[in-house]
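Residue numbering for the sequence shown follows our numbering, beginning at -7 and increasing consecutively. Even glycine gets a Cβ: it sits at the ideal position worked out from N, Cα and C. The structure appears right after this line, and notes come after that.
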Amino acid sequence: MTSQIIDGKKVAKLTRDQIREDVENWVSQGNRAPFLQVLQIGTDPASSTYIRAKTRACADVGIETGTKHLPDTMSAKDLKHEIHKINTDDSVDGILVQLPLPSHLSSHDVIESIDYRKDVDGFHPMNVGRLAVDQPTFKSCTPAGILELFKHYSIQVKSKHAVVVGASNIVGSPMAIMLSRENSSGKATTTICHKYTKDITRHTIDADILIVAAGQPGLIKAEMVKEGVVIIDVGINRVADETTEKGYKLVGDCDFEGLREKASWITPVPGGVGPMTVAMLMKNTLLAAKKSIYPD
Ligand code: NAD
């Protein structure tokens, strides 16, 4: 079997086209354009790249953005004060604090200081909690984007065995919640693995759908899965590559070439999950502007 490719770039473009149309309609009804405020603490080059990609994509659909650059020496108190000012600014619909934060800052505290009604990343405990009890919420962008991919390609999730490798607050855990809820999107039987799982192959070999978000290049190999599995590779890892101009290339957590012979569907890296994450951020920003999740 040679896998069919899940083309995240293509689906993200279709999603963005729809969001652009929705933004145009919203503005033509006399509303101002949605506004996303980005905060970057420090100068991490990877964070700068992600922020550029997100703000460019927002501009492309008519969402306005502003990026505040704050020093990596900033205290937690000063940062929370800055966030509080944005929380109470009616011209801002969505707030994104780019992670990771400098080590002296707690991401939990910082995320919790964001007004949950502006938490377009979907990381605030209020939004994660509502996700867990099937209430309308800002869904964490990466897992929400993965569900959109399943929808686009009519990949059935209901009653399948979905295995999620990785249990972080931003990808693995919300993914497992979305897949496992029986009243909304997922309806799958869900297993979640992490670095303390003994013998992950025991679980991955039984997966109908395998979602991998561990940040470990080459973690999942062909012998660890069954024929026909659907593979979603969330990982983005830089590995040295002398043949490229930058001296590195991006790879996922899965052995793409080996798995292509066995999987029914597979995402490439790059061009799989990444573009959908950005598209879902824009979708959440528009929902925030419209106050669709939390009406006044
Ligand atoms: P994280 O480091 O916060 O969490 C990693 C998770 O993987 C943890 O739960 C850990 O226990 C688990 N893990 C690590 N090694 C493991 C192993 N050998 N076996 C089983 N589980 C293991 O990472 P994260 O923020 O969730 O990101 C994971 C990966 O996804 C990274 O490569 C990141 O760059 C990428 N990512 C991609 C997107 C996207 O849009 N494509 C978005 C977010 C993160």
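query = For Phe27, which residues does DSSP report across the bridge?
reply = According to DSSP, which records beta bridges pairwise, Phe27 is partnered with Glu56.
ask   = Pairing CB atoms from the segment 70 to 85 with CB atoms from the segment 123 to 141, are three or more of them under 8 Å?
value = No, because fewer than three Cβ pairs between the segment 70 to 85 and the segment 123 to 141 fall closer than 8 Å, the two stretches do not touch.
inquiry  = By DSSP's criteria, Leu88 is part of a beta bridge. Which residues make up the other side?
reply    = Answer is Val30, bridged to Leu88.
message = Is any non-hydrogen atom of the ligand NAD found closer than 8 Å to the C-beta of Cys185, if you look at the structure I gave you?
response = At least one heavy atom of the ligand NAD is found less than 8 Å from the C-beta of Cys185.
key: 6 Å CB neighbourhood of Asp200 in its chain, flanking five on each side removed   = Closer than 6 Å at Cβ, skipping near neighbours: Lys152, His153.
query = Under 8 Å from any heavy atom of the ligand NAD, does the C-beta of Gly22 make it?
reply = Not under cutoff, so the answer is no.
ask   = For the ligand NAD, any of its heavy atoms closer than 8 Å to the Cβ of Thr129?
value = The answer is no for Thr129.
Which of helix, strand or coil DSSP assigns to Ile11 = Helix.
Close beta carbons around Thr183, own chain, < 6 Å, minus the five adjacent residues each side = Here the set comprises Val155, His195.
key: C-alpha distance - Glu234 paired with Ser40, whole-angstrom precision   = Cα-Cα distance, rounded: 23 Å.
ask   = Which residues does DSSP pair with Ala154 in a beta bridge?
value = Bridge partners of Ala154: Thr182, Ile201.
key: Residue span of the alpha helix (DSSP H) that contains Arg194, given as start and end   = Arg194 -> alpha helix (DSSP H) spans 193 to 196.
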